[in-house]
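Numbering (the numbering used here), first residue to last: 2 to 689.
Heads up, the beta-carbon is just placed ideally off N, CA and C, and yes, glycines get one too.
Report on the following structure.
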């Protein structure tokens with residue numbers, strides 16, 4: 002494939018990603034996994050506008066495989082990208098050509114970002130690049146998550162504040178240099194379109210720049226149209242150029258909040274206190290953002306308002322001016338750059354405070370994913386409140402508050418009114434994680450948390466800033482979208498990473514009452530670390546074996562294995578028989594043939610409706626003897642797509658097919674949810 006690099010290449014450890022414009026003028030998202038440090042050195046020299054010949058595989062982006070999961074394919078589509086190209090080893094050849102003006106602008110932006118990395122402290126690079134160039138790629142992963150979790154991520158977006166500061170500064174400077182007012186406006190009108198690209202071209206900076214251009218144009222023509230007309234004009238102009246942007250969260254929030262503030266501006270100005278004005282602006286922004294955000298994050302960052310009240314003026318009056326001053330001063334000196342030196346001192350403790358609040362389970366209130374009717378109702382309630390505020394009618398204001406609180410409370414407590422039980426096989430790739438929700442939310446159980454096995458210590462050059470964690474990126478969102486705030490029991494079947502690796506992140510986000518673990522010597526470092534972390538988070542560790550059982554209402558749970566002293570982690574797997582709403586399900590962990598023999602000897606009359614196939618369908622599990630006795634009608638296999646273990650084994654699949662057992666596989670069906678009621682099963686697959 003031939004074409005040109007169309008964005009600043011993002012090099013993160015051994016992973017390279019960038020946008021690529023093909024000869025046919027089609028945008029493609031390109032990814033490469035680098036095999037050695039020399040290839041990384043070559044990748045560091047890539048720049049926007051370079052002409053390249055690529056060799057690899059063109060594929061459509063993967064659809065979501067869990068319920069209400071982030072839709073990466075849709076995200077790319079909203080940016081006009083429909084394909085992902087995976088470069089094979091030695092599959093990229095690039096050379097520099099004369100660049101277009103826009104590519105030269107992108108290349109200059111890349112050079113300045115690299116220059117920032119060379120002259121500021123590593124803890125400061127991310128926020129400086131975000132505020133100057135709209136790039137968060139260098140932000141520390143934990144710090145960026147803290148901004149998002151606490152509802153202050155907008156502080157890192159280049160928006161009206163940045164544009165206003167730059168335009169005001171340039172306007173003042175040009176006038177001082179003797180330019181006329183008209184000529185200054187002309188220069189700024191030419192400058193702003195280019196600034197959009199330098200600042201990352203996010204919806205917020207595009208909106209702010211276009212709005213500023215409308216204001217400048219009106220000043221030039223000596224016209225004073227109402228601000229509401231300006232934002233509507235910008236909205237329509239933006240959509241006419243980029244129609245897909247309508248579905249981007251950043252676009253929706255940027256215009257919705259701006260529209261609300263413009264409509265409320267006259268009322269806000271009636272308050273004399275700047276503190277009160279800031280409080281109202283922050284409150285309006287939070288209220289208008291919340292319903293849309295709930296569709297994506299499933300929780301309310303209730304600390305957002307007080308943190309915004311502190312951090313908005315702090316970043317506006319201190320961090321942002323120092324950032325701009327340091328950047329412009331860096332063209333004169335890099336050694337005695339006082340603004341950047343001050344940022345090196347100020348920003349680390351500022352981020353430590355955010356991390357302190359973010360790491361608390363009480364930083365947010367999980368309510369689950371609301372339906373569209375709830376979202377519409379929340380906005381109607383807010384409209385009533387705004388009308389009451391504008392008209393000084395306290396009855397309408399309090400009505401709005403009561404309706405909004407009631408809608409959120411109903412959303413939170415709906416699961417406690419649901420008479421159905423649910424069992425969900427979460428797609429965690431090559432691993433296990435099963436969620437059990439009893440009727441009326443009597444109890445929530447999580448059997449294993451998935452995890453990514455780490456076989457070798459990574460070389461330093463391969464280490465990435467942004468790492469994928471099954472617990473944080475898959476299991477935690479899967480539970481939050483269900484409105485889960487508390488886990489009654491976390492069952493960790495055995496100590497392998499693909500079953501317990503995500504437990505640390507789960508413990509950070511939810512209160513876990515009890516952890517069930519198999520008895521025996523705990524030898525692995527991962528086991529020790531995770532069990533220690535769970536205890537620190539307040540969970541009680543209970544070591545269970547054959548014979549341990551408990552009931553919740555009419556639901557019954559019994560541990561059938563391990564029994565006695567057993568060597569080998571797989572054979573020590575906790576096996577649980579769950580009888581829920583008249584349906585029996587056997588969860589077998591990674592139990593292998595010897596463990597299955599022991600199970601059949603102890604329970605010769607055991608039969609079940611559904612079987613969780615052991616060890617991801619390995620050839621050492623799910624023997625003919627097991628299937629002959631259990632006689633399951635269906636089987637669930639949690640397994641990774643294209644895994645290098647060859648799971649599930651063809652012989653296992655053949656045995657299941659021979660016995661007419663219906664099979665659902667996470668690698669083919671994604672997450673699978675079973676809704677149970679009086680012996681009836683309603684099955685839903687995440688992948689259509």
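Item	Value
Among 464, 23, 490, 39, which one has its Cα closest to the Cα of residue 539?	490
Give me the Cα-Cα distance between residue 143 and residue 356, rounded to the nearest whole angstrom.	8 Å
Using CA atoms only, rank isn't needed, just tell me which of 329, 181, 183, 240 is closest to residue 211.	240
Per DSSP, what are the beta-bridge partners of residue 57 in this structure?	88
State the Cα-Cα distance for the pair residue 202 and residue 236, rounded to the nearest angstrom.	15 Å
Please state if the CB of residue 292 and the CB of residue 252 are separated by a distance shorter than 9 Å.	no
From 126, 640, 605, 600, pick the residue whose C-alpha is nearest to that of residue 618; which is it?	640
Relative to the C-alpha of residue 245, which candidate in 105, 190, 75 has its C-alpha closest?	75
Exposed or buried, which one is residue 275 when buried takes at least 16 other CB atoms within 10 Å?	exposed
Quick one: what's got a C-beta closer than 6 Å to residue 209's C-beta in the same chain, skipping five residues either side?	160, 161, 164
Determine, using beta-carbon pairs with one atom in the segment 584-598 and one in the segment 612-626, whether at least three such pairs fall under 8 Å.	yes
Look at the Cβ atom of residue 424, then the Cβ atom of residue 657, and state whether they are nearer than 9 Å.	no
Could you pull out every residue in the same chain whose Cβ sits closer than 7 Å to the Cβ of residue 551, ignoring the five residues on either side in sequence?	558
How would you write the range of the beta strand (DSSP E) that residue 674 sits in, first residue to last?	673-678
Indicate the three-state DSSP secondary structure (helix, strand or coil) for residue 235 in the structure shown.	helix
Can you pull the DSSP bridge partners for residue 297?	None; residue 297 has no bridge partner.
Name the DSSP beta bridge partners of residue 13, please?	16
Using 8 Å as the Cβ pair cut-off and three pairs as the minimum, do the segment 441-451 and the segment 402-420 touch?	yes
Check whether the segment 108-119 and the segment 14-30 touch, using three or more Cβ-Cβ pairs below 8 Å as the test.	no
Closer than 8 Å by C-beta to residue 545: which residues in its own chain qualify, once you throw out the five before and the five after it? Chain order, please.	517, 518, 519, 520, 560, 575
Pairs of beta-carbons, one from the segment 457-468 and one from the segment 489-509, closer than 8 Å: are there three or more?	no
Thinking C-beta only, is residue 447 closer than 9 Å to residue 536?	no
Return the chain-ordered list of same chain residues with a C-beta closer than 7 Å to the C-beta of residue 632, the five sequence neighbours on each side being excluded.	608
With residue 150 as the anchor, note down where its beta strand (DSSP E) starts and where it stops.	That residue, residue 150, is in no beta strand (DSSP E); its alpha helix (DSSP H) goes 142-150.
I think residue 637 touches residue 614, with their Cβ atoms under 8 Å apart; what is that distance to the nearest whole Å?	7 Å
From the DSSP output, read off the bridge partner residues of residue 104.	In the DSSP output, where bridge partners are listed per residue, residue 104 has none listed.
Can you tell me whether residue 341 is buried or exposed, with buried defined as 16 or more other CB within 10 angstroms of its CB?	buried
From residue 408 to residue 472, what distance separates their C-alpha atoms?	30 Å
Hey, quick one: how far does the alpha helix (DSSP H) through residue 655 stretch, first residue to last?	651-659
Just to confirm my understanding: we take residue 258, look at its own chain, exclude 5 residues before and 5 after, and list those with CB closer than 7 Å. What are they?	286, 289, 290
If you check the beta carbons only, do residue 511 and residue 477 fall under 9 Å apart?	yes
Give every residue of the same chain whose Cβ lies closer than 6 Å to the Cβ of residue 54, excluding the five residues on either side of it in the sequence, and list them in chain order.	3, 94
Report yes or no: do the segment 131-150 and the segment 75-89 share at least 3 C-beta pairs separated by less than 8 Å?	no
Mind listing, in chain order, the continuous alpha helix (DSSP H) runs of no fewer than 4 residues lying wholly within the segment 198-234?	204-222
Could you name the residues of the same chain whose beta carbon sits closer than 7 Å to that of residue 47, not counting the 5 residues immediately before and after it, in chain order?	6, 10, 95
Is DSSP giving residue 352 helix, strand or coil here?	helix
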